[in-house]
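According to this note's numbering, numbering within the sequence shown proceeds without interruption in unit steps and concludes at 344.
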Amino acid sequence: MSDKQIEYLLYAVVFVGVLLFVEGIYYLIVGRGSGAEAVNRRMKMLATGRGTKDVLETLRRGGDSAEGPYGAVPGLAALDLLISQSGVSVTLGRVFLTMGILAVGLTCALLLFVPLLPFYLAPLVGAGLAIGLVVFFFRFKKKSRIKKLSQQLPDALDLMVRSLRAGHPMTASLGLVAREMPDPMGTEIGIVSDEMTYGLDFRAALENLRQRVPAPDLHYLIVTINIQHGTGGNLAEVLGNLSMVIRSRYQMFAKIRALSAEGRISATILSVIPFFVMAAVWVTTPGYYTAVLGDPALPVIGGIALAMEVTAIGVMWKMVNFKF
21 MSDKQIEYLL
31 YAVVFVGVLL
41 FVEGIYYLIV
51 GRGSGAEAVN
61 RRMKMLATGR
71 GTKDVLETLR
81 RGGDSAEGPY
91 GAVPGLAALD
101 LLISQSGVSV
111 TLGRVFLTMG
121 ILAVGLTCAL
131 LLFVPLLPFY
141 LAPLVGAGLA
151 IGLVVFFFRF
161 KKKSRIKKLS
171 QQLPDALDLM
181 VRSLRAGHPM
191 TASLGLVARE
201 MPDPMGTEIG
211 IVSDEMTYGL
221 DFRAALENLR
231 QRVPAPDLHY
241 LIVTINIQHG
251 TGGNLAEVLG
261 NLSMVIRSRY
271 QMFAKIRALS
281 AEGRISATIL
291 SVIPFFVMAA
301 VWVTTPGYYT
311 AVLGDPALPV
321 IGGIALAMEV
331 TAIGVMWKMV
341 NFKF
């Protein structure tokens, strides 16, 4: 690569860095609204003076579904659902913009720091990495959100039980949870309450909740409410028992994680050591690896070693991470 190409690449990297910095400052300033002290995202939006219907449409992502201008793109419905389940307030257009910026930055980095990579492959690899990173981010946020909502569920059930025993109807109990519980529980129950306010059937609102938050514990709650809604019975007692069962399960999960903590730490250390040793040798003895870079057997041996290392890491994590 010529000096002129490197100069252009450096300009591109600086441009992308400045663009990301400005965008981060923008979100930092805009994110501080008058409703910053509200208990959850829905209440923050209402505190700014926005109407309930406008807030509902924003939280439901109704104006940015796969049936809109992006509907012809394959797989877009799944991406839109993933974004909705992650709880991140972002439009599909901004997601595509982020992917593009990441793709440009990663392509420049590959051209600068991986000279062995062919020039025509760098954009393809950069675009693939950008898409993978964005999807991984939303999957991580989705998993964290579902876990947090499941942990909040016993407290939300207790709040509903107290409201029902005080003589309030189910809709009022849901409204109380929406006002008092933090995210994500407060916002999700608030969406259910608002959907019912604007005429959606109770069962349909609960089904929408199940699609937005595919948490097993929440599914138990939805089934319980649907059965009671159709047959009647003491809903407060049933929800109280469900709260006790879910809380007991999480206490058991916490005990299991405590007992397996030593194994997880050992697996982490054993997984990191080979890469740490390789990096240390590369820094302290730069010529140790460069002497064999042109050997035709290097890709085969390196691929086998990497596959064995990845397999070992997978086996260790399977041994110390339990499916509850």
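Don't be surprised by glycine CBs; every beta carbon is placed ideally from N, CA and C.
Cα atoms of residue 227 and residue 242: separation of roughly 8 Å, rounded to the nearest angstrom.
Looking only at 253, 342, 233 and 316, the smallest Cα-Cα distance to residue 279 is reached by 342.
Going by DSSP, residue 180 is part of the alpha helix (DSSP H) stretching over 142 to 185.
With a contact defined as Cβ atoms closer than 8 Å, residue 125 and residue 33 qualify at about 7 Å. With contacts defined as CB atoms closer than 8 Å, residue 219 and residue 62 fail to qualify as a contacting pair.
Each of 214, 167, 332 and 130 was checked against the Cα of residue 76, and the nearest Cα belongs to 214. An exposed status is given to residue 301, since fewer than 16 other beta-carbon atoms sit within 10 Å of its beta-carbon. Counting only the Cα atoms, residue 122 lies some 11 Å from residue 39. With a contact defined as Cβ atoms closer than 8 Å, residue 208 and residue 177 miss out at about 14 Å.
Here the stretch 131 to 144 does not lie against the stretch 192 to 206, with fewer than 3 beta-carbon pairs under 8 Å apart. Counted as a single uninterrupted DSSP element, the alpha helix (DSSP H) harbouring residue 74 occupies residues 72 to 80. Residue 80 and residue 107 have their C-alpha atoms spaced approximately 10 Å apart. Between residue 287 and residue 337, the C-beta spacing is below 8 Å.
Beyond the five residues adjoining it in sequence on each side, residue 232 comes within less than 7 Å, by CB distance, of 104, 105 and 208 in the same chain, given in chain order. The Cβ atoms of residue 172 and residue 270 do not sit closer than 8 Å to each other. Inside the stretch 243 to 282, DSSP marks whole alpha helix (DSSP H) runs of 4 or more residues at positions 255 to 279, from first to last along the chain.
In the three-state reduction of the DSSP assignment, residue 226 falls in the helix class, which pools H, G and I. Contact between the stretch 246 to 259 and the stretch 289 to 301 is absent, with fewer than three C-beta pairs closer than 8 Å.
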